[in-house]
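In what follows, a single structure is set out as structure tokens and then discussed.
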Amino acid sequence: MVKLDGKRKILNENGKHDDHNDGWKVTNSYEGPSRKMSKLDKWIESDFDDQKEKSTILQNSDEEITLNQTIVSDEFMKEFAKCFDEKKSFKLKNKIKLYNEPFQAAVIKNFLSDESVIEKLVEEIEQQEWTRKQMDLYEFYQTTDLANIKSPYLSKFYNFINNNVREWMEKLTEMKFQRASASCSMYNCGDFLLSHDDLLSDRLVAFVFYLSPWANKKTWNESMGGALELFTCDNDGQPKFPPVEKIFPSSNQLAFFKVEKRSHHQVGEVLTKDYPRLTINGWFHGFKDNIDYDADAVKIKRPNVPIFKTPNNDSYEIENIINRNYLKDKIKKEIQKQIEENSEAGLGEFLKNQFLIEIENELKGPKLKWIQKGPANQQNYEILDKNSLPKSSHLGKLIDLVASKQFFKLLYDYTELDLHGKNAKNPKCTVEFQRWKRGCYTLINDPSTYNYDCLDLLYFIGTNESIGTTTYLTPEGKQEDESVVSSEFENGQDDDDDSVLLTIYPQNNFVNLVYRSSGTTRFMKYCYKSAIIENEYYRLLSTISYILVIFVIGVPMWWKTTEIHRADLPSNDIEALDDKPITFSIEIGIFINNDERQKEFIDELEVYFRNNDIFGAKLIPIKLTDMEFVNIKTPAKLEQILNKHYEIKAGNLLVAEWKNLEEEILVTNERTIFISPKASSDKIYQVVRSWIVRDYKIRSILGQIKSFDGKQIRHKYPPPSPEYEIMISVLNPNPDLQTLHWNVRKATEMYLQPFLNELSDLSNFTLKSQWKYQVVLKYDNKQIKDESKMGRHFAMEKDSLPQIINSIERKLGTDVVNKPCIHLVVYAPPCKFAPVYVYKDGSRISDHSFDSFISAKWGGIVIANPSDAVCSSQSDESNNPQEIYLHSHEVMDFVLYQLRKIFELQVEIPLNYASMVSLEQITPRLWEKDMYLRNGAIHLIASASSTLKSLIKLLDDIKNIVIGDHVGAEIHTAYKNVVLAKEFLATNDIHNAVKHARLSFIAAEKAFNDPSLLELLYFPEEQKYAIYIPLYLPIMIPVFFSFKAIKKYFTKSKEEETVESNDNVESKKDD
981 MVKLDGKRKI
991 LNENGKHDDH
1001 NDGWKVTNSY
1011 EGPSRKMSKL
1021 DKWIESDFDD
1031 QKEKSTILQN
1041 SDEEITLNQT
1051 IVSDEFMKEF
1061 AKCFDEKKSF
1071 KLKNKIKLYN
1081 EPFQAAVIKN
1091 FLSDESVIEK
1101 LVEEIEQQEW
1111 TRKQMDLYEF
1121 YQTTDLANIK
1131 SPYLSKFYNF
1141 INNNVREWME
1151 KLTEMKFQRA
1161 SASCSMYNCG
1171 DFLLSHDDLL
1181 SDRLVAFVFY
1191 LSPWANKKTW
1201 NESMGGALEL
1211 FTCDNDGQPK
1221 FPPVEKIFPS
1231 SNQLAFFKVE
1241 KRSHHQVGEV
1251 LTKDYPRLTI
1261 NGWFHGFKDN
1271 IDYDADAVKI
1281 KRPNVPIFKT
1291 PNNDSYEIEN
1301 IINRNYLKDK
1311 IKKEIQKQIE
1321 ENSEAGLGEF
1331 LKNQFLIEIE
1341 NELKGPKLKW
1351 IQKGPANQQN
1361 YEILDKNSLP
1371 KSSHLGKLID
1381 LVASKQFFKL
1391 LYDYTELDLH
1401 GKNAKNPKCT
1411 VEFQRWKRGC
1421 YTLINDPSTY
1431 NYDCLDLLYF
1441 IGTNESIGTT
1451 TYLTPEGKQE
1461 DESVVSSEFE
1471 NGQDDDDDSV
1481 LLTIYPQNNF
1491 VNLVYRSSGT
1501 TRFMKYCYKS
1511 AIIENEYYRL
1521 LSTISYILVI
1531 FVIGVPMWWK
1541 TTEIHRADLP
1551 SNDIEALDDK
1561 PITFSIEIGI
1571 FINNDERQKE
1581 FIDELEVYFR
1591 NNDIFGAKLI
1601 PIKLTDMEFV
1611 NIKTPAKLEQ
1621 ILNKHYEIKA
1631 GNLLVAEWKN
1641 LEEEILVTNE
1651 RTIFISPKAS
1661 SDKIYQVVRS
1671 WIVRDYKIRS
1681 ILGQIKSFDG
1691 KQIRHKYPPP
1701 SPEYEIMISV
1711 LNPNPDLQTL
1721 HWNVRKATEM
1731 YLQPFLNELS
1741 DLSNFTLKSQ
1751 WKYQVVLKYD
1761 NKQIKDESKM
1771 GRHFAMEKDS
1781 LPQIINSIER
1791 KLGTDVVNKP
1801 CIHLVVYAPP
1811 CKFAPVYVYK
1821 DGSRISDHSF
1831 DSFISAKWGG
1841 IVIANPSDAV
1851 CSSQSDESNN
1861 PQEIYLHSHE
1871 VMDFVLYQLR
1881 KIFELQVEIP
1891 LNYASMVSLE
1901 QITPRLWEKD
1911 MYLRNGAIHL
1921 IASASSTLKS
1931 LIKLLDDIKN
1941 IVIGDHVGAE
1951 IHTAYKNVVL
1961 AKEFLATNDI
1971 HNAVKHARLS
1981 FIAAEKAFND
1991 PSLLELLYFP
2001 EEQKYAIYIP
2011 LYLPIMIPVF
2021 FSFKAIKKYF
2031 TKSKEEETVE
2041 SNDNVESKKD
2051 D
């Protein structure tokens, strides 16, 4: 298949490296150098001589910054200055070294006398803004010039360099400096600065002050990279490989060198991620009259040899070399069209596969000779010496083909450039077969890359995305020489990617054709050593991991997955849950001022409670002294005094006798029951049983109520849901007739939220509200005359209520909610069709101006009729919508009543000898709340127990059901919480009983409805091998090929070591 799209991207994406962007784009800012630069550990004290000689200090400073005493001594300075002037080497105690070759450079360890200065500098450097420097020559982070930084200690240190160190440097070098410039630089893993000479304007001496490594690690070895590398020069004054000296970072170390035509140096790529290479670097600038070189006059010299050659006339069987698809006229026209539109095209699978295999085999031959291409400040890669190729070489044939007129004819067909035919004007070409590996690059400052129009052909074999990335820049984006780059370092200017035209990433057996006009330059990006090492290493690691996963995990899994996993379950314990029935006990404090009557009363009550199989009661007699009792004038005072003697906890009661009580039994809104002296114990028992506890509902929940024919009657309400959604919907059926005004949100917060908060131990509630327009209740709108101001009203028959709910339910928009929703609908009919009342058997159900009805499992509807005064205030002829105001207290009285009915708080069994204090609060009565939570817990426990028993029976009956560990964990959790909930309920600890009952219900439902239970329910046992073997067999095939990849990696590593050793031997011979 022919591929016409190469792998090429404009460099605006993030690259492969962890510490920097892999594109030619400068980041805006960088907060702090690195997260590894946090708190520094102890610093090793200087090991210089302990002599107390005169030190150089920072003047007019509260804190002194001093040079090491050794390097400011007169004896040292004279001897060093003499050697520097005579260009002789100098060395002192392995701490100070002066190089004379390849150019004058010096290294001074323990530069400052107090290493705590380093720690203070790093602390302030962490706070600086960093700019990402990225171009062909460099990638690193840099701050602005220290002269512009406001940080106090960095400013002091800059003044120290500009004054004291500058004077000290003048004595060592016998030069005169006008000023010093400095900034902070940080090189993370993968950062570098390639070969340059620092020649610019008035620079005389360059210096680097090292701040890393730290954390008690004072050594930086060669494997970590980041060294300051010095080059020798060839006869043309250009730097040549390899570098002859390397200065590795060391904390509190100063390196400096004289800037001259031969001072070519670079910062090698940092290969460690332990910490960055952090420095303060800059230059000492001289007076222009004292500069002994002209930076602008330094030009790049190139060997005077021909580069381009005329194509040869040889003929080749091109159809046996190049993919035949690329020789078809149709494909040629498509390529030509793409080049016309984009000035470039990518041709995949360019060479025929067999010819490519022959070339790859030849490249593995040991006799091939590769020549390193320099100089270092222009490029670094290897080219093949064609003379080392054997005869009838396929690789030589390819090189000759590319440089032939026959191939020029093919390129002419692709591009219509003047490469062939009558319009061709002596076209020429240059062909290089390059080998790229770690550390290779080309720089923009090679002038041969942009002095002419040309067609670039780039063909890649055996590629790696991290090697050989080619970038094309606009003419405005090029840089003429490295001095411009150096000036950008000093001025803090940023590069941008606006000049990037095209980026080509290499692909195997892929040709890229790029038409490059005059002035357009290109460079091949520096090949990160760290990236290649990591990519190859992680690729190998991934391969080995894949094999280990297959054999260590995959094969055992193959056997294991043919089995049906069934987690251990507490089956026997779950089946025995009914052996211990659900019971609870309450505590009742009883006060009767007559001791004899109190004892008799308690004895009678104990008999009643003892005969109840659902709940029991612990009766606590309460006594008051005569002095306490004589001061009690009201029931409230009595209750206050009794509370001091008996603490009424949740679920408990207080029964107190009050002789002047008009009612026989009065139940308050708290947890207190007042009785008159004539109240009997059986009536108290009935009140507790029917109102406070409501054991008839508990029996219904537990299935203890049976019909006359002996069938069990189940409770009609489902167990409380862990979550509810309460939806308040306000319906305005005719917005053209009326405009409703009501702050639903405020009403919800004032009335519903406090009410539901009291019930939130059992369920979580989500309150929502909405307005709906043009939603009409559909019923037989029968008008009935009356004696009101309106003279009529409309009847809504009770039998039509279910149809009304069905007609509006879908329009309320909650059919997709995955949790139970309680609808609270407020319907406001317009005056034209109001008031509306609910009728049953020809008469009204209630006498209220508002009306309402409830559906137990759905919610309720409140009909908010407008008042007669409001409706009669506007004539029927008026076309303006009538302003209707809904009052929250009127509407919410009905809504709260509906909620009390829905949550079964309302008392349904009347007792003519007992009454309750009227409910004037929004929240439920305390004993109602206790009842709701207790009965809810019982309902959840019963439901969870029933679910667990059904699930265990199902799993025991069908052995082929998979029981996952997560399902088993849920079943264990449900069982454990059922047991705990029963225990807490038995001790009347309502809140803990509710908590564990809720957890048991959730876990039981989750286990029962887990979809994994049905995964292998219909999986045939005898067919498992027929299914799993075809599944895993294709996976094993890549495993065997992976062994070949591992062998190739180690073989390649050995070959690279051999090549590098041979290169080193050859370079030594050349030297």
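Note that my numbering has the sequence shown beginning at 981, numbered continuously upward. For every residue, glycine included, the Cβ atom is placed at its ideal position computed from N, Cα and C.
Exposure label - residue i; buried when at least 16 CB within 10 Å
i, result
"A1922", "buried"
"K1089", "buried"
"T2031", "exposed"
"V1145", "buried"
"E1543", "exposed"
"Q1233", "buried"
"H1946", "exposed"
"V1974", "buried"
"E1900", "exposed"
"N1201", "exposed"
"E1299", "exposed"
"V1871", "buried"
"Y1753", "exposed"
"G1683", "exposed"
Residue nearest to residue i in terms of C-alpha spacing, selected from the options
i, options, result
"I1802", "I1785, R1978, T1500", "I1785"
"F1157", "W1110, N1142, P1193, H1265", "H1265"
"K1598", "N1632, D1433, L1928", "N1632"
"D975", "K1385, L1343, S1384, N1357", "Nothing about residue 975 can be read from this structure; the chain reaches only from 981 to 2051."
"L1258", "F1330, K1241, Y1508, T1123", "T1123"
"L1391", "Q1414, G1419, W1416, N1492", "N1492"
"E1329", "F1609, Q1487, E1608, P1702", "Q1487"
Coil, strand or helix - residue i by DSSP
i, result
"I1379", "helix"
"A1616", "helix"
"E1995", "coil"
"Q1114", "strand"
"Y1138", "helix"
"T2031", "helix"
"P1734", "helix"
"H1867", "coil"
"K1005", "A caution first: K1005 carries a pLDDT of 29, below 50, which makes its placement in the model unreliable, though a value can still be read off. It is coil, neither helix nor strand."
Opening and closing residue of the beta strand (DSSP E) in which residue i lies
i, result
"D1831", "1831 to 1835"
"C1063", "Where C1063 is concerned, there is no enclosing beta strand (DSSP E), although the alpha helix (DSSP H) it sits in stretches over 1054 to 1066."
"T1153", "Note, T1153: premise wrong, no beta strand (DSSP E); alpha helix (DSSP H) at 1146 to 1153."
"A1954", "Element bounds for A1954: not the beta strand (DSSP E) but the alpha helix (DSSP H), 1945 to 1966."
Residue i - containing alpha helix (DSSP H), residue span
i, result
"A1917", "1906 to 1937"
"S1096", "1096 to 1105"
"L1781", "1781 to 1789"
"A1983", "1970 to 1988"
"R1577", "1575 to 1590"
"E1900", "From DSSP, E1900 is part of no alpha helix (DSSP H); its letter is neither H nor E."
"C1420", "Looking at the DSSP string, C1420 is not in any alpha helix (DSSP H), and its letter there is neither H nor E."
"N1552", "1551 to 1555"
Alpha-carbon spacing of residue i relative to residue j, whole angstroms
i, j, result
"I1864", "L1792", "22 Å"
"N948", "E1249", "Residue 948 lies beyond the stretch modelled for the chain, which goes from 981 to 2051, so this question has no answer here."
"K1748", "M1707", "5 Å"
"I1612", "T1728", "41 Å"
"H1244", "K1226", "12 Å"
"V1958", "I1524", "49 Å"
"L1072", "D1054", "15 Å"
"I1311", "K1389", "15 Å"
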